Every structure is written in C-alpha cells, then in structure tokens.
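Counting the sequence shown from 1 gives a position; this note's numbering is that position plus 29. Where is the CB? At the ideal position from N, CA and C, for every residue including glycine. As the structure is a computational prediction, the values presented were derived from the model and not from experiment. What follows is a set of notes on a single structure, which appears directly below.
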Amino acid sequence: MMAAFGILSYEHRPLKRLRLGPPDVYPQDPKQKEDELTALNVKQGFNNQPAVSGDEHGSARNVNFNPSKISSNFSSIIAEKLRCNTFADTGKRKPLVNQKDNFWLVTARSQSSINNWFTDLAGTKPLTQLAKKVPIFSKKEEVFGFLAKYSVPVMRSAWMIKMTCAYHAAITENKVKKRHVIDPCIEWTQIITKYLLEQLQKIAEFYRQFPSQGCSSPLPAMPADVEAAMKQWEYNEKLAMFMFQDGMLDRHEFLTWVLECFEKVRPGEDELLRLLLPLLLQYSGEFVQSAYLSRRLAYFCTRRLNLLLSDGSLGPGAGGHAAHGILTQQGSALPTTPTSQPAGGNQSQTPFTDFYVCPQHRPLVFGLSCMLQSIVLCCPSALVWHYSLTDSRNKTGSPLDLLPIAPSSLPMPGGNTVFTQQVRAKLREIEEQVKERGQAVEFRWSFDKCQETTAGFTIGRVLHTLEVLDNHSFEKSDFNNSLDSLYNRIFGSGQSKDGHEMSPDDDAVVTLLCEWAVCCKRSGRHRAMVVAKLLEKRQAEIEAE
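What follows is the structure, encoded as structure tokens:
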C-alpha cells in the first residue's frame, strides 16, 4: 500500500529541469553554403575545402598567391567593415523632442503655473515628471532670474538649461530654411556672461558711490535693487562654475571674460575687488593652463600689489595704512609676530607686514599673492622676460618687473610651517629658472663666451638688423620712420651692450638683406626696392670714404 502511494506521488511530481547554457550552435548567416540543399550536398554532405591546401593542417608556404585577388579580397573586407560601422540614414525620422507636448511658451497669464513649476524644480520632484511640461522663455537670459529667485540646485538648473537648448535645437532642425547652427557652448557662454556682467555693473555702481576712506569706514546698507543683484550674482556665479565643469561653456571665452572683469576694476575699488577675488581663485587651476591668460593675470596681480605698496607708503591720506603699525603695537587682541623664523618664512620682514592686521586689505594681499605664486609654480613661461612686438597689452619685459620683491617673499597663509618652507624653496628654484630664461631671450640665446668672439659680434649684428627690419613701419614715412633712419639703425657705427665696437664687416648684413628681400618667410613687394636703396646708399658712402 505504501509502495503504491509512493509510485503515485512520483507520478505527479514534475521532472527536474536542469539549467541549460547557451545553444550549442554556430552563428548562422542568412545565406550560407551549408543551407544549399543540392543533390550533391544531400548525398555527400558539405565538404570544406581550403583554398590553399588540400588539408586543414598543411603549410601554404609554397603556394603561389595572386596579388590582385588578395588586393580585391582586402578591399572587400574594408568595404564590409565600413558598411557595418555606418549607421543607416532613416530619412525624415520623428524628432526626439516633442515640441507641442513637452514644452510650453511662457506668457504673462501663466505666472501661477511658472511659480508652481519652479517650486517643484527647486524641490525633490523627479525630473522625468517635470520633463513632461518644460517652460520656455522668449528671452533665454530670463531663466537665470527665475532659477536664482527660487534657489534651484545648480544640477537641476543645468538640466533646465539643457532642456531649453534641446527645444531650440529641435526648432532649428524642423525649419525649412536652416540657418547657420551656433555652437550651444559659445551661445550660453555669451548669455550667462552678459547676465552676470549686468548684475556686476549694478553692484559696482553702488561701491563707486562710496569710495574707500580707510579700513575702519563701514559701507552703508545696500538698496533693495542692489541686494537683488547681489543675490543674482552669487547664485549664477555658482551655476556658471557648475556649467563650466560640466562642459556646457566655452572654457577660453569664459576665462577671458573673468579676467576682463578684474582688469576693469579701477584702482581704489578694494571692496569690489574683494567681491571678485574668490571667483578668480576658483578658476586658478584653469588659468595656469594658458600661458597667454596667465601672463595677463600676472600683470594684473603685480600691478595691484605694487599699487597697495605705493599707497601704503604715502601716509594717512592713502587709505589709512600708516596707522597699521600703531594698531599692531597698541592692540592686545592682535596676534604677535614671532621674533625669529627660518629664511623664507619670516613674513614680518616683507613690505606687506602692515596689511596683515587690516581686515580690508588682508584678503587682497593673500589672494593676489596666492594667484601669482600659482602662476610661478604651474606656468613659469608666462613670467619670462621677452619681446612683445604685436600684443599691445603685454609690452617688452616681464610681469615681475612691476613687483619690488620676489614672489617667494610674498605672504602665504598658514604660518611658517614645514609645507610653507618647501613651497618657498620651490618658488626660489623656479624664480632662478625664470631669470635664466629671461637672460637667454634678452641675449637671443647666445652664451657669453660666444658674444665675446668675432663671430659673436657678427651674429649679434645680424640679429639686430633683422629686428630693425621687422620693427620698421613701411606704411608711413616721417622724421623718425624713414629710409634714412632705417639706414642709420642698420649701418650706423654703434657699440654692443658690453661697450665693444661692432664689427665693420658688412658681408653678413648684406647677405641678410638680400635674403630678406626674396625669402618666403616675410611678405611685401616693397622689400626688394628697400634693400636696393639701402645697398645703393651704402655703396655711395663707401666710395665717398
């Protein structure tokens, strides 16, 4: 009885199914020889016959290959690879962005809907639900005002800007007459910098109404419109930083705009400079990647530091810096400076000692010094002394020429720690490299022993002639810029920098003039006539002598 019951229980028990792996088959092609059911294939089966050998393990060393067949096979392989890697054009496909269902234009009547939507955007409502109805403003810059008004997180604000960009891209794609497509990175860079500049101008006008009268004079309360502009500036500055890091802005154009904002700050506008200085320090790692921007920034920092030093030495009328030393002696709550420190770490011996206790100028001194030291460490090429024949901003020289002390002697935050001493030692090492590179440029990369020889004098004269020709303006003619003045600068008897008379041999100079007249590295049809006149005048002068 029990045995029968056991048999019945096993009868209704489902069979145990093992997990099977992938099917044991080879990948099938739509048309392959194995599927051709001809009479021969049905009778004998499919036979694989290699093209170069009678068996599968033989050698093809002695087989004569046809180069044309190999070339055709290789071309077919390349064509098939190109076909597989090419996406098929589906023609007029439906755009991914549905303009009618997912977007709605903002009007004056939709103010309540706008408030509700931006409140949800500033909250925690999923973006997938907000994407069903995205507001679109008639002016793109209006979105920044609403984002700052509702304090939307910058990540969700960037999503809002991307949705706006997707809407305008879909509009442009559906137009019959397509216009020139503008890079969205450049477009939004121009929009946000223009909006930030408008807010900054409102703030700057308020600060310019109350110029700095000293370190102890507080500013009056800001009006409502200035406070609103300050709120817009603080929020959209953070938004621009997120967009910059996310690749939504053009990096060079945005950094150039930041630098121009600093260059427009007038001397004495210390409060405005304090407002902008954190913006500069945020992008310090980006500025040092460009030697051109780093050089302009270094000129700005050295001019400002030099201006602070000159103002601090003028007495009580120059911002009240003469009283800093008195405050240091009388105030018991101020920190005392150590009496002895290692070399390079003694901040009390720098000209900026009086600024350490000034709440107005201490951030400026440390911020500008930190930026200049970053350029020295990360982009020393921007500080090398060099000729500047084309750029009117950066004249001949180095930004460090404007600073009375070395960057390694500038103040550094953190006190006299071991790390600070290591940084100052590295700064001194790079400063020596900058000096050596500047001297090499000044002497045109010619070492001293070479300059003392006859060949050195000839090389110096040839380089001097080439520089005179490049600097001469042939478009105009006056007393200081004529053919006679050009002749005197080239063939006039002069002396070198060491006081030695220049070599009277004109062979090298004449050869250079002839090459300059016909070479392809210079342009202008006037060159041959100029050289002919110069040589004619030189020949007449030699015959007269």
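Excluding sequence positions up to five before and after L302, its CB lies within less than 8 Å of the CB of F291, V294, R333 and L393, all in the same chain and listed in chain order. A contact between stretches requires three or more CB pairs, one per stretch, nearer than 8 Å, and the region 449-468 fails this requirement with the region 511-520. If you draw a straight line from the Cα of C387 to the Cα of F395, it is about 12 Å long. Within the region 480-504, the runs of alpha helix (DSSP H) at least 4 residues long that lie entirely inside it are, in chain order, 483-500.
Close CB contacts of S403 within its chain, under the 7 Å cut and outside five residues either way in sequence, are with S313 and V317 (chain order).
Counting along the chain, the unbroken beta strand (DSSP E) around P164 starts and ends at V163 to I165. Taking 8 Å as the cut-off, the Cβ atoms of C194 and L278 do not count as close. Taking 8 Å as the cut-off, the beta carbon of V405 is found closer than this to the beta carbon of P436. Put simply, of G443, G521, V470 and S142 the residue whose alpha carbon is nearest the alpha carbon of T494 is G521.
Excluding its 5 nearest sequence neighbours in each direction, M192 has C-beta neighbours in its own chain below 6 Å: V163, listed in chain order. Of all alpha-carbon atoms in N445, I434, P442 and F472, the one lying nearest the alpha-carbon of R457 is that of I434. Assignment of G174 by DSSP, reduced to helix, strand and coil, places it in the helix class. Assignment of W133 by DSSP, reduced to helix, strand and coil, places it in the strand class. Secondary structure at G276: coil, using DSSP grouped into helix, strand and coil. Between the C-alpha atoms of S88 and F94 there is a straight-line separation of about 13 Å. Collapsing the DSSP output to three states places H390 in coil. Boundaries cannot be given for P182, as no alpha helix (DSSP H) includes it and DSSP labels it neither H nor E. Collapsing the DSSP output to three states places G396 in a helix. In the three-state reduction of the DSSP assignment, G553 falls in the coil class, being assigned neither a helical nor a strand state.
Linking Q468 to K231 through their CA atoms gives a straight-line distance of about 46 Å. In this model, A257 and N144 are separated by some 18 Å (Cα to Cα). Excluding residues up to 5 positions away in sequence, L412, V413, W414, H415, V463 and G467 lie with their Cβ nearer than 8 Å to the Cβ of S427 in the same chain. Under the 8 Å Cβ criterion, the region 218-237 does not count as touching the region 129-138, having fewer than three qualifying pairs. Q261 is positioned such that its CB atom lies no closer than 8 Å to that of A198. In the structure shown, the three-state DSSP call for G74 is coil.
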